[in-house]
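Peer 1:
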Amino acid sequence: MRNWTNVTEDILQIGINDRVTDLFEGQYKIPNGISYNAYVILDEKVCLLDTVDGRFAAEYLAALEEALGGREPEYLVVSHMEPDHSACIGALMEKYPEMRLVGNQKTFPILKRYFDLLLEERSVTVREGETLSLGRHELTFVMAPMVHWPEVMVAYDAGEKILFSADAMGKFGALDCEEEWLGEARRYYFNIVGKFGKQVEMLLNKAKNLEIETVCPLHGPILRGEALAKALEVYAKWGAYAPEEKGVLVAYASLHGNTAKAARAFEKMLRDRGAKVEMFDLAREDLSEALSQAFRLDTMVLMASSYDAGVMPFMETFLAHLKAKNYQKRRVALVENASFAPSANRTMREILSQMREISVEEEPITIFGSVKPEDLQKLEALADKLA
């Protein structure tokens, strides 16, 4: 059985499906797995582009040997040193002693932190705009620092109009998982790359000068046609931290159930007014998905119980993640619940004040204990304002 697929006649993709890992980067749930993509260019000189996670080294090396058909690679382009893409470098260097590594000035210092290799005679350092000729194919290198590591670079094949995009344009989900691209691409982007919107915009500006018909990412499916156009469209919004659409994320953290009751009532009020609503119980639902939806929509309502003179820890954690990923340019409303000494709204506002261009509604709502008719009236008024 063939363990690789053709991108073009002489460019191959070796896509490894990881259905074993439960948490990507030790924190993000991947119920549908994830792929690690490596590529091979078969030309006068054979060039490999990246490798895969070390746990799948045997599968990758066997597929690579089959794809090469007895040939040996002259080059391995290292676009990203994160271990899920670089773990097999040592094995390849040993298997193919004439192969040289292609990276930039930031690649090799990081590489030495993972591998004890003699690189001096086997490394090729490239800079912005420099090329590597393989014969019919010529790769042009474009630096993409902090998308999302400092050494990241992408490679462009002008003849095939292909961009090898490193971690950009990737998504969660194995290649054999049938699901729409956008949802898991969004969750992947904002949780992995989202902090570095400025750097993403810089890469997109460079890409405008390239005629791109195909994008080959290190995670997820190859993008062409309408799928590629959609990816470029949403990446422009994501890099600028612009919301994709109007709507309200209701995120709540409830202590004894009263805040949850208020959140459910408020969700219905918004829906009755025709608003798009996404609601998350931060104690029970996936935080990474809640974060991605916060970036998707233009408005967020935070509803939390006061706790230990602050706010419920699940809400505090959620806000910490939003801050870390540069949440900005959004409208936010606050609702707290307290039996005594309300403190949640103050704490949430303090954290939000550390984020850029966040407009917090001036009249936060405080509920004392159970939800009463007058509390519902205040929530109705807020729903009128937001919807």
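Residue 16 is where the sequence shown starts when you use the numbering used here, and the numbers rise one by one after that. Every residue, glycine too, gets a C-beta built ideally from N, C-alpha and C.
Whole angstroms is fine: what's the gap from Met-363's alpha carbon to Glu-331's?
Peer 2: Position 348 of the sequence shown, counted from the first residue, corresponds to residue 363. Position 316 of the sequence shown, counted from the first residue, corresponds to residue 331. Roughly 8 angstroms between the two C-alpha positions.
Peer 1: For Lys-186, I'd like the list of residues in its chain whose CB is within less than 7 angstroms of its CB, leaving aside the five on either flank, ordered along the chain.
Peer 2: What you label residue 186 is simply residue 171 of the sequence shown in a count that begins at 1. Closer than 7 angstroms at Cβ, skipping near neighbours: Trp-196, Glu-199, Ala-200, Tyr-203, His-234 and Gly-235.
Peer 1: Verify whether the separation of the beta carbon atoms of His-271 and Leu-306 is less than 9 angstroms.
Peer 2: For the purposes of this step, residue 271 is taken as the residue at position 256 of the sequence shown. For the purposes of this step, residue 306 is taken as the residue at position 291 of the sequence shown. No, the pair does not count as a contact, with Cβ atoms beyond the cut-off.
Peer 1: What do you reckon, are the CB atoms on Met-108 and Phe-130 nearer than 9 angstroms?
Peer 2: As a working mapping, residue 108 is identified with position 93 in the sequence shown. As a working mapping, residue 130 is identified with position 115 in the sequence shown. Cβ distance < 9 angstroms, so Met-108 and Phe-130 count as in contact.
Peer 1: Taking 9 angstroms as the threshold (C-beta atoms), are Glu-226 and Ala-251 in contact?
Peer 2: The residue you call residue 251 lines up with position 236 of the sequence shown. The residue you call residue 226 lines up with position 211 of the sequence shown. Not in contact: Ala-251 and Glu-226 (Cβ atoms no closer than 9 angstroms).
Peer 1: DSSP three-state label for Val-230, please.
Peer 2: Numbered from its first residue, the sequence shown carries residue 230 at position 215. Three-state result, Val-230: strand.
Peer 1: What residue range is occupied by the uninterrupted alpha helix (DSSP H) comprising Gln-120?
Peer 2: Counting from 1 along the sequence shown, the entry for residue 120 is found at position 105. Taken as a continuous stretch (DSSP letters only), Gln-120 belongs to no alpha helix (DSSP H), as it is neither H nor E.
Peer 1: Compute the Euclidean distance between the alpha carbons of Leu-91 and His-100, then round it to the nearest angstrom.
Peer 2: Reading the sequence shown from its first residue, position 76 is the one you call residue 91. Reading the sequence shown from its first residue, position 85 is the one you call residue 100. Cα-Cα distance, rounded: 12 angstroms.
Peer 1: Determine, using beta carbons only, whether Val-263 and Leu-367 come nearer to each other than 9 angstroms.
Peer 2: For this step, residue 263 is matched to residue 248 along the sequence shown. For this step, residue 367 is matched to residue 352 along the sequence shown. It is not a contact, given that the beta carbons lie outside the stated cut-off.
Peer 1: To the nearest angstrom, how far is the alpha carbon of Thr-155 from that of Asn-47?
Peer 2: Here residue 155 corresponds to residue number 140 of the sequence shown, with the count starting at 1. Here residue 47 corresponds to residue number 32 of the sequence shown, with the count starting at 1. When rounded, the distance between both Cα atoms is 34 angstroms.
Peer 1: Can you find the residues in the same chain that come closer than 6 angstroms, C-beta to C-beta, to Cys-360, ignoring five residues on each side of it along the sequence?
Peer 2: Translated into positions along the sequence shown, residue 360 becomes position 345. First, the residue type needs correcting, since residue 360 is Asn and not Cys in the sequence shown. Excluding positions up to five away in sequence, the list reads Leu-349, Glu-351 and Pro-379.
Peer 1: From Leu-147 to Ala-278, what does the alpha carbon distance come to, in whole angstroms?
Peer 2: Sequence index remark: in the sequence shown, residue 147 carries index 132 (1-based). Sequence index remark: in the sequence shown, residue 278 carries index 263 (1-based). Going from the Cα of Leu-147 to the Cα of Ala-278 covers about 57 angstroms.
Peer 1: Put Phe-130 into one of helix, strand or coil per three-state DSSP.
Peer 2: For the purposes of this step, residue 130 is taken as residue 115 along the sequence shown, with counting starting at 1. Coil.
Peer 1: Is Lys-340 buried or exposed, if buried means 16 or more other CB atoms sit within 10 Å of its CB?
Peer 2: What you label residue 340 is simply residue 325 of the sequence shown in a count that begins at 1. Buried, because 16 or more other Cβ atoms sit within 10 Å of the Cβ of Lys-340.
Peer 1: For Asn-220, does the three-state DSSP call read helix, strand or coil?
Peer 2: Translated into the one-based positions of the sequence shown, residue 220 becomes position 205. In the structure shown, Asn-220 sits in a helix (DSSP, three-state: H, G or I).
Peer 1: Assign Phe-205 to one of three DSSP states: helix, strand, or coil.
Peer 2: Here residue 205 is taken as the residue at index 190 of the sequence shown, counted from 1. If DSSP states are grouped into helix, strand and coil, Phe-205 belongs with the helices.
Peer 1: Would you list the one or two residues that DSSP bridges to Phe-39?
Peer 2: Residue 39 sits at position 24 when you count from the first residue of the sequence shown. Answer is Tyr-43, bridged to Phe-39.
Peer 1: What first and last residue would you give for the alpha helix (DSSP H) that runs through Val-249?
Peer 2: Reading the sequence shown from its first residue, position 234 is the one you call residue 249. From DSSP, the alpha helix (DSSP H) with Val-249 extends over 240-254.
Peer 1: Determine contact between the region 68-86 and the region 41-58, defined as no fewer than three beta-carbon pairs at a distance below 8 angstroms.
Peer 2: With a cut-off of 8 angstroms, the region 41-58 and the region 68-86 count as touching, because enough Cβ pairs lie within range.
Peer 1: Per the DSSP calculation, Ala-53 is bridged to which residue(s)?
Peer 2: Residue mapping note: residue 53 aligns to position 38 of the sequence shown, counting from 1. Ala-53 pairs with Ile-29.
Peer 1: Express the C-alpha separation of Val-249 and Leu-285 in angstroms, rounding to a whole number.
Peer 2: As a working note, residue 285 is residue 270 in the sequence shown. As a working note, residue 249 is residue 234 in the sequence shown. C-alpha separation (whole angstroms): 26 angstroms.
Peer 1: Quick one: measure Cβ to Cβ for Val-141 and Val-157, integer angstroms, because I've assumed they're closer than 8 angstroms.
Peer 2: Position 126 of the sequence shown, counted from the first residue, corresponds to residue 141. Position 142 of the sequence shown, counted from the first residue, corresponds to residue 157. No, Val-141 and Val-157 are not in contact; Cβ-Cβ is about 10 angstroms, not under 8 angstroms.
Peer 1: Taking Lys-223 and Val-386 to be in contact with their CB atoms under 8 angstroms, please state how far apart those CB atoms are, rounded to whole angstroms.
Peer 2: As a working mapping, residue 223 is identified with position 208 in the sequence shown. As a working mapping, residue 386 is identified with position 371 in the sequence shown. In fact, because the Cβ distance is near 52 angstroms, the residues do not count as touching under 8 angstroms.
Peer 1: What is the rounded straight-line gap between the Cα of Leu-43 and the Cα of Leu-190?
Peer 2: Residue mapping note: residue 43 aligns to position 28 of the sequence shown, counting from 1. Residue mapping note: residue 190 aligns to position 175 of the sequence shown, counting from 1. The amino acid occupying residue 43 in the given sequence is Tyr; Leu does not appear at that position. So the alpha carbons of these two residues sit roughly 18 angstroms apart.
Peer 1: Alpha carbon to alpha carbon, how far is Pro-165 from Leu-317?
Peer 2: Here residue 165 is taken as the residue at index 150 of the sequence shown, counted from 1. Here residue 317 is taken as the residue at index 302 of the sequence shown, counted from 1. Roughly 34 angstroms separates the two Cα atoms.
Peer 1: Please check if any C-beta of chain C sits within less than 9 angstroms of the C-beta of Glu-226.
Peer 2: Absent from the structure: chain C. Only one protein chain is present.
Peer 1: Select from Pro-388, Leu-391, Arg-345 and Ala-396 the residue whose C-alpha is nearest the C-alpha of Arg-371.
Peer 2: Position 356 of the sequence shown, counted from the start, is the residue given in the question as residue 371. The shortest Cα separation from Arg-371 among Pro-388, Leu-391, Arg-345 and Ala-396 belongs to Arg-345.
Peer 1: Note the first and the last residue of the continuous alpha helix (DSSP H) segment covering Asp-390.
Peer 2: On the sequence shown, residue 390 is found 375 positions in, with the first residue counted as 1. Start and end: 388-401.
Peer 1: So Ile-29 packs on Ala-72, CB below 8 angstroms; how close in whole Å?
Peer 2: Here residue 29 refers to the residue found at position 14 when the sequence shown is read from its first residue. Here residue 72 refers to the residue found at position 57 when the sequence shown is read from its first residue. So it is not a contact: roughly 12 angstroms between Cβ atoms.
Peer 1: Measuring alpha carbon to alpha carbon, tell me which of Gly-325, Val-35, Tyr-75 and Ala-298 ends up nearest Leu-27.
Peer 2: What you label residue 27 is simply residue 12 of the sequence shown in a count that begins at 1. Of the candidates Gly-325, Val-35, Tyr-75 and Ala-298, the one whose C-alpha sits nearest the C-alpha of Leu-27 is Tyr-75.
Peer 1: Specify, as a first and last residue, the run of the beta strand (DSSP E) that Phe-383 falls within.
Peer 2: Start at 1 with the first residue of the sequence shown, and residue 383 comes out as number 368. Note, Phe-383: beta strand (DSSP E), 380-383.
Peer 1: Let's test the definition: count the other Cβ atoms within 10 Å of the Cβ of Met-16 and tell me whether it reaches 16, buried, or not, exposed.
Peer 2: For the purposes of this step, residue 16 is taken as residue 1 along the sequence shown, with counting starting at 1. Caution is warranted here: a pLDDT of 44 is assigned to Met-16, below 50, making its placement in the model unreliable, and the coordinate value is therefore given only provisionally. Classification of Met-16: exposed, given that the 10 Å Cβ count is below 16.
Peer 1: Pull up the distance between the alpha-carbon of Glu-293 and that of Ile-382, whole angstroms please.
Peer 2: Counting from one through the sequence shown, the residue named residue 293 turns up at place 278. Counting from one through the sequence shown, the residue named residue 382 turns up at place 367. Each residue's alpha carbon lies about 22 angstroms from the other.
Peer 1: Over the uninterrupted alpha helix (DSSP H) stretch that includes Asn-273, give me the two end residues.
Peer 2: To locate residue 273, count along the sequence shown from 1; it is residue 258. Start and end: 273-287.
Peer 1: Would you mind working out which of Glu-241, Glu-365 and Thr-66 sits nearest Pro-98, comparing C-alpha positions?
Peer 2: Within the sequence shown, the letter at position 83 stands for residue 98. Nearest C-alpha to Pro-98: Thr-66.
Peer 1: Is it true that the CB of Leu-64 sits closer than 9 angstroms to the CB of Phe-179?
Peer 2: Translated into the one-based positions of the sequence shown, residue 179 becomes position 164. Translated into the one-based positions of the sequence shown, residue 64 becomes position 49. Yes. Within cutoff.
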